[in-house]
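Notes for the one structure printed next.
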Amino acid sequence: MKDNSIQFKRQRELGEIITDTFKFFRENYKALFKALIKNVGPFFLILVAATIYYNYSTLGSLASGELFKTFDTGMGLGNLFASMAFLIISILIYYALLYGTILNFIKDYIQNDGSISQSNISYQVKYTFWELIGLGVVSSIILFLGLALCVIPGIYVMVPLTLVFAILIFEKKDILGSISHSFQLIKSNWWMSFITIFIFGILLYIIGLVVQIPMFMYTFVKAFTISSEISQGDPSSMFDWVYVTLSVISNVFQYLLYIFYAIMTSFLYFNLNERKNYTGTIETIDNLGNRSNSEL
137 MKDNSIQFKR QRELGEIITD TFKFFRENYK ALFKALIKNV GPFFLILVAA
187 TIYYNYSTLG SLASGELFKT FDTGMGLGNL FASMAFLIIS ILIYYALLYG
237 TILNFIKDYI QNDGSISQSN ISYQVKYTFW ELIGLGVVSS IILFLGLALC
287 VIPGIYVMVP LTLVFAILIF EKKDILGSIS HSFQLIKSNW WMSFITIFIF
337 GILLYIIGLV VQIPMFMYTF VKAFTISSEI SQGDPSSMFD WVYVTLSVIS
387 NVFQYLLYIF YAIMTSFLYF NLNERKNYTG TIETIDNLGN RSNSEL
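Numbering (our numbering), first residue to last: 137 to 432.
Written out as structure tokens, the structure is:
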């Protein structure tokens with residue numbers, strides 16, 4: 137038990153949600169990475185392979201000039217769509233395992249006052265895996281339909297859908313129950329939640345730009361050195377193996393940044409749940425009452 141463990145079940149303002157996200161990571165990164173390597177590691181390597189395959193199927197083909205021939209003749213489209221399908225499936229599995237590991241890690245952290253059981257986390261990740269996959273698919277369809285109908289409905293549903301994985305893990309609701317409860321939880325707090333997600337997203341984007349700087353610099357230098365080829369309508373020379381490699385590294389780093397996003401959604405969920413249901417306050421009062429009775 138840790139006396140200085142972070143209290144999740146309380147109300148937080150926007151700044152506290154962001155700072156406590158990084159504080160939690162800083163204080164628990166060793167145990168968290170151990171859990172991630174154990175439960176997500178092999179599938180993360182598969183995702184990296186899928187990213188390389190997709191980038192070389194698109195950017196690599198563009199560099200050799202084969203991509204334009206593919207669309208002109210129809211030959212090679214199977215390989216292109218296969219790489220895309222492989223990437224989408226890999227991303228879906230990766231995010232299900234990532235959220236499953238981090239959210240169950242936090243759940244174990246809360247239940248044991250800051251202590252962690254790696255074996256219990258692994259069990260819970262396996263137990264909730266298919267529900268998280270199904271929830272990811274259904275949420276993606278809802279978000280896609282919202283964006284397809286009009287951008288504004290898509291943005292609106294994006295906010296409650298951010299919480300569905302946390303609801304499934306922390307409240308043990310099913311797929312439809314998690315989605316339904318997310319809309320109830322977000323009521324009257326949509327703008328605050330949207331601003332939190334938006335600002336945190338910008339922060340992660342800025343962090344991600346650091347890794348993209350080499351790719352931007354290489355693209356800038358390359359554009360000057362082959363400006364004559366580009367002016368003749370041949371952009372394929374821009375996308376050589378160096379650019380593809382830098383692009384893959386950038387994508388992989390973006391996948392890792394979602395660790396922070398998953399932690400943030402937990403703090404956001406507990407903040408909204410406390411404002412709505414006062415769960416943490418009630419538990420604190422009950423614990424004080426039990427402690428007083430035991431001392432009598």
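Backbone N, C-alpha and C define an ideal beta-carbon position, used for all residues, glycine too.
By how many angstroms is the C-alpha of residue j removed from the C-alpha of residue i?
i, j, result
"Q147", "A359", "50 angstroms"
"V295", "L340", "17 angstroms"
"S314", "N140", "31 angstroms"
"V274", "L312", "9 angstroms"
"Y165", "S316", "32 angstroms"
"V380", "F352", "12 angstroms"
"S402", "T361", "48 angstroms"
"K243", "F169", "16 angstroms"
"I182", "A171", "18 angstroms"
"Y292", "N409", "19 angstroms"
"K309", "V378", "46 angstroms"
"E307", "V176", "23 angstroms"
"T355", "F406", "43 angstroms"
"Y391", "L404", "20 angstroms"
"Q143", "S219", "43 angstroms"
"F357", "P350", "At residue 357 the sequence reads Val, which differs from the Phe that was named. Looking at the two C-alpha atoms, the distance is approximately 11 angstroms."
"E149", "I246", "20 angstroms"
"T194", "Q348", "19 angstroms"
"I153", "P178", "31 angstroms"
"I335", "G151", "10 angstroms"
"L393", "A167", "17 angstroms"
"T298", "Y192", "31 angstroms"
"K145", "Q320", "18 angstroms"
Could you please give the first and the last residue of the uninterrupted alpha helix (DSSP H) stretch that includes residue i?
i, result
"T381", "W377 to N413"
"L299", "Segment: none, L299 is in no alpha helix (DSSP H) and carries neither H nor E."
"N256", "Q254 to L285"
"F144", "First-last for F144: undefined, no H or E at that position."
"S314", "I311 to I322"
"G337", "W326 to T361"
"N248", "Premise fails: N248 is in no alpha helix (DSSP H) and is neither H nor E."
"N175", "L150 to N175"
Within 10 angstroms of the Cβ of residue i, are there 16 or more other Cβ atoms? Answer buried if so, exposed if not.
i, result
"T209", "Below a pLDDT of 50, predicted positions are generally treated as unreliable, and T209, at 48, falls in that range; the measurement from the model is reported next regardless. So T209 counts as exposed."
"N215", "exposed"
"N85", "Since the first residue of the chain shown is 137 and the last is 432, residue 85 is not available in this structure."
"G272", "buried"
"A232", "buried"
"E267", "buried"
"L281", "exposed"
"S324", "exposed"
"L234", "buried"
"I338", "exposed"
"I173", "exposed"
"A221", "exposed"
Inspect the CB distances between the stretch 395–415 and the stretch 145–162 and report whether three or more fall short of 8 angstroms. Contact between the stretch 395–415 and the stretch 145–162 is present, because at least three Cβ pairs lie under 8 angstroms.
At least three beta-carbon pairs within less than 8 angstroms, the stretch 248–259 to the stretch 223–230: Not touching, per the Cβ criterion.
If contact is defined by three or more beta carbon pairs under 8 angstroms, each pair taking one atom from either stretch, is the stretch 234–244 in contact with the stretch 254–264? Segments in contact, yes.
Stretch-stretch touch, CB-based, cutoff 8 angstroms, three pairs: the stretch 180–193 with the stretch 380–396: They touch, by the three-pair rule.
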